[in-house]
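Novice: Take this structure, written in C-alpha cells, and hold onto it; I'll ask about it next.
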Amino acid sequence: MSVSSDSAKLAQSNTTNQTVTHPATNDAISNQNRSFSNFTKDVANSWLLPDGVVDVLFEDAHKQEVLRHRLTQQLITHGYQLVNPPMIEFTESLLSDASEDLKRQTFKIIDQLTGRLMGVRADITPQILRIDAHWGGTGIARYCYAGDVIHTLPSGLFGSRTPLQLGAEIFGCASLAADIELVDVLFTMVNMLNMSAALHIDLGHVAIFKRLAQLAQLQDVDTEQLMHLYANKNLPELKKVCQSLPMGDDFYVLARFGHDIANLLAKLSATAQQDHQIVTAIDELQRLKAHLQDQWQCAVSIDVTELSGYHYHTGIIFNGYINSETQPLVRGGRFDGMQSGSQLAGHQPREATGFSMDVSRLLAHTQLNAPTVVLVDYEASQSIDDEQKQLLLQQVESLRQQGYRVTVPLNAEDRPTNVTHQLNLVNHQWQLQTL
C-alpha cells in the first residue's frame with residue numbers, strides 16, 4: 000500500500016515536471032532565440048554595402064571597362080596626355096585651395112607613417128593642378144584621366160559615392176578656343192557612343208555675376224543671399240531683395256532675362272553695358288552657343304544665374320544632361336588662376352578649363368555588341384591525342400585574339416550561362432558552331 004502510494008506520488012511528480020517549465024528555462028530559451036536572431040541579422044548586415052556604394056558586376060563591369068578604354072583613347076588621339084594620380088594625397092596639396100563643398104566631400108585619414116593628415120580624392124582636378132605646376136611649364140598643356148573618386152555624401156537622391164571619373168583639361172590658354180576645343184572633344188566622344196542626339200548642354204558664365212558684384216561692391220552676405228535666391232528661382236523674393244541693393248536692377252535682370260543671351264546686354268544698366276568684362280562674357284556665351292548649334296546641332300540653353308561652381312569657376316561653365324535626367328552627366332568650365340599645388344611648387348597659377356563625367360552613368364545609356372561566348376566541347380577535349388590537343392590550343396588562342404570569349408571547361412559541369420557558340424571536333428577538325 001505504501002509502495003503504491005509512493006509510486007503514485009512519483010508518477011505525479013514526473014508528470015508535473017514534464018508539463019511545467021521553470022522561469023529560468025524560459026529566460027534561457029528567450030536569450031538563445033535572441034542571440035540567434037542577432038546572429039542572423041549580423042550575417043545579413045555584413046553583406047550590405049554603404050548607401051551610394053554598389054558592386055559593378057559581370058556585363059556592366061565589362062561595359063564600364065570598354066567605355067573607359069574607348070573614351071580615354073579618344074582623348075589621347077586628340078593630343079591629351081594620360082595621367083593617373085594616386086587615390087590619396089596629403090591635404091596640403093589636395094585641398095589647399097579647395098571649395099568648402101569639396102572639403103566636405105573628402106574623406107580624411109591619418110598617415111600611419113608620418114602622422115600627417117591625408118585625403119582620399121573626391122575630385123581629380125586638384126591633382127591635375129599639382130601635376131601641371133610641376134610638369135606643365137609655361138606653354139599649353141593637355142591632360143586626360145580616368146580613375147575612381149570617393150565622396151563622403153552622394154550627389155542627388157540616388158547618386159553614387161564612388162564615381163569612375165573621366166575628364167580632360169587644357170592649361171595655359173585663356174582664349175575661348177580652348178573651351179570650344181573641349182566641347183568639340185566631348186561631342187566627338189558622345190558621338191562615338193551614339194548619344195549626341197540625347198545630350199543637352201546648359202551654358203553659363205560666372206564672370207557676369209562676379210563682375211556685377213564687384214561693381215556694386217556687394218558684401219559677402221549679400222552675394223550669398225543672391226546666389227541662394229537664384230538657385231531657388233525665387234523671383235518675387237529676389238525682386239524685393241534687389242530693391243535694397245546697389246545696382247539691384249541688374250541682379251534682377253540676370254534672373255529675369257538671363258536665358259535670352261541675345262538681348263541680355265540691352266536689359267542691363269549703362270554701367271554694366273560699358274563694362275569690358277561683362278561684354279566679353281556675354282560675347283563668349285553667344286559664340287559658344289552658336290558653335291554648338293552649328294557644329295553639333297545640339298539643344299543648348301543658357302542660364303547666367305547657374306552659380307553652383309561660383310567659388311571654383313571663373314568664366315564659361317557648362318553642364319551636359321542626358322535625356323530627362325536632373326543630374327548632369329558632364330560638368331565643365333573654366334577655372335583660371337587656381338592655386339592648388341602651385342604654391343607648393345613655387346609655380347604661377349595658370350589659365351585652365353576642363354570637363355569631367357562619371358563613366359558609370361553611361362552604362363544605362365549605351366549598348367555594346369553582344370559578346371560571343373565559346374565553350375570547348377569537354378567530352379571531345381578529353382578523348383584526343385597530344386597532336387589534337389596542340390591544335391585545340393592553337394584554335395583557342397586564335398579565337399581569343401579575335402575577341403571571342405573562350406572557356407576551356409575543367410569538367411563536364413563547367414559551363415558558363417551565356418554560351419553562344421561551341422568549339423566541336425568534327426572530322427578531326429575543331430569547328431566553331433552556333434548553339
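Its first residue numbered 0, the sequence shown is counted upward by one per residue in numbering that gives the first Met the number 0. All C-beta atoms in this analysis are idealised placements derived from N, C-alpha and C, irrespective of residue type, glycine included. A quick note: this is a predicted structure, and the numbers were derived from the prediction, not measured.
1. Suppose contacts are defined by Cβ-Cβ distances below 8 Å. Is Gly114 in contact with Thr105 by that definition?
2. Are Phe250 and Leu225 closer than 8 Å when you measure CB to CB?
3. Would Ile123 and Gly166 qualify as a contact pair, given that the criterion is a beta-carbon distance under 8 Å?
4. Mind listing, in chain order, the continuous beta strand (DSSP E) runs of no fewer than 3 residues lying wholly within the stretch 342-372?
5. Exposed or buried, what is Thr270 when buried is set at 16 or more other beta-carbons lying within 10 Å of its beta-carbon?
6. Three or more beta-carbon pairs under 8 Å between the stretch 376-388 and the stretch 174-183, yes or no?
7. Give every residue of the same chain whose Cβ lies closer than 6 Å to the Cβ of Gly155, excluding the five residues on either side of it in the sequence, and list them in chain order.
8. Taking 8 Å as the threshold, find out whether the stretch 314-329 comes into contact with the stretch 227-242 through three or more Cβ pairs.
9. Quick check: what's the CA-CA separation for Pro153 versus Phe334?
10. My understanding is that Ser159 touches Ser359, with C-beta atoms under 8 Å, so please give their C-beta distance in whole angstroms.
11. Which of the three DSSP states, helix, strand or coil, is assigned to Asn16?
12. In the DSSP assignment, what are the bridge partners of Asn423?
13. Please work out which residues of its chain come closer than 8 Å, Cβ to Cβ, to Met86, disregarding the five sequence neighbours upstream and downstream, and give them in chain order.
14. Between which two residues does the alpha helix (DSSP H) holding Asp201 run?
15. Spell out the partners DSSP gives Ile277 in its beta bridges.
16. With contact counted as at least three CB pairs below 8 Å, one residue from each stretch, are the stretch 197-209 and the stretch 289-300 in contact?
17. Any idea what DSSP makes of Lys107, helix, strand or coil?
18. Can you name the residues that DSSP bridges to Phe170?
19. For a quick check, are the C-beta atoms of Ser181 and Met337 less than 8 Å apart?
20. Along the chain, where does the alpha helix (DSSP H) containing Glu236 start, and where does it finish?
21. Cα separation between Gly247 and Leu47?
22. What's the C-alpha gap between Val189 and Val425?
23. Compute the Euclidean distance between the alpha carbons of Ile281 and Leu66, then round it to the nearest angstrom.
24. Is Gly126 buried or exposed, if buried means 16 or more other CB atoms sit within 10 Å of its CB?
25. Nearest by alpha-carbon distance to Gln292: which of Leu264, Val205, Phe186 is it?
26. Looking only at its own chain, which residues have a Cβ that is under 7 Å from the Cβ of Ala140, when we skip the five neighbours before and after it?
27. For His420 and Leu94, what's the separation of their Cα atoms in angstroms?
Specialist: This is what the structure holds:
1. No, the Cβ-Cβ distance between Gly114 and Thr105 is not below 8 Å.
2. yes
3. yes
4. 351-357
5. Exposed, by the Cβ-count rule.
6. A contact between stretches requires three or more CB pairs, one per stretch, nearer than 8 Å, and the stretch 376-388 fails this requirement with the stretch 174-183.
7. Once the five neighbours on either side are set aside, the close Cβ partners of Gly155 are Gln326.
8. no
9. 24 Å
10. 6 Å
11. Since pLDDT at Asn16 reaches only 44, below the 50 mark, its modelled position is unreliable, and the value read off the structure follows with that caveat. It is helical.
12. Gln430
13. Val119, Arg120, Gly146, Asp147, Ile149
14. Run containing Asp201: none in the alpha helix (DSSP H); it sits in the beta strand (DSSP E), 198-204.
15. Within the DSSP bridge table, the entry for Ile277 names no partner.
16. Judged by Cβ distances under 8 Å, the stretch 197-209 makes contact with the stretch 289-300, as three or more pairs qualify.
17. strand
18. Ala140, Ala351
19. First, the residue type needs correcting, since residue 181 is Leu and not Ser in the sequence shown. Not closer than 8 Å, so no.
20. In the DSSP assignment, Glu236 falls within the alpha helix (DSSP H) that extends over 234-241.
21. 52 Å
22. 45 Å
23. 36 Å
24. The residue you asked about is not Gly; residue 126 is Gln in the sequence shown. Taking all protein chains shown into account, Gln126 has 16 or more neighbouring C-beta atoms within 10 Å of its C-beta and is therefore buried.
25. Phe186
26. Take Ala140, set aside five residues on each side of it, and the residues of its chain with a beta-carbon closer than 7 Å to its own are Asp131, Phe170, Gly171, in chain order.
27. 53 Å
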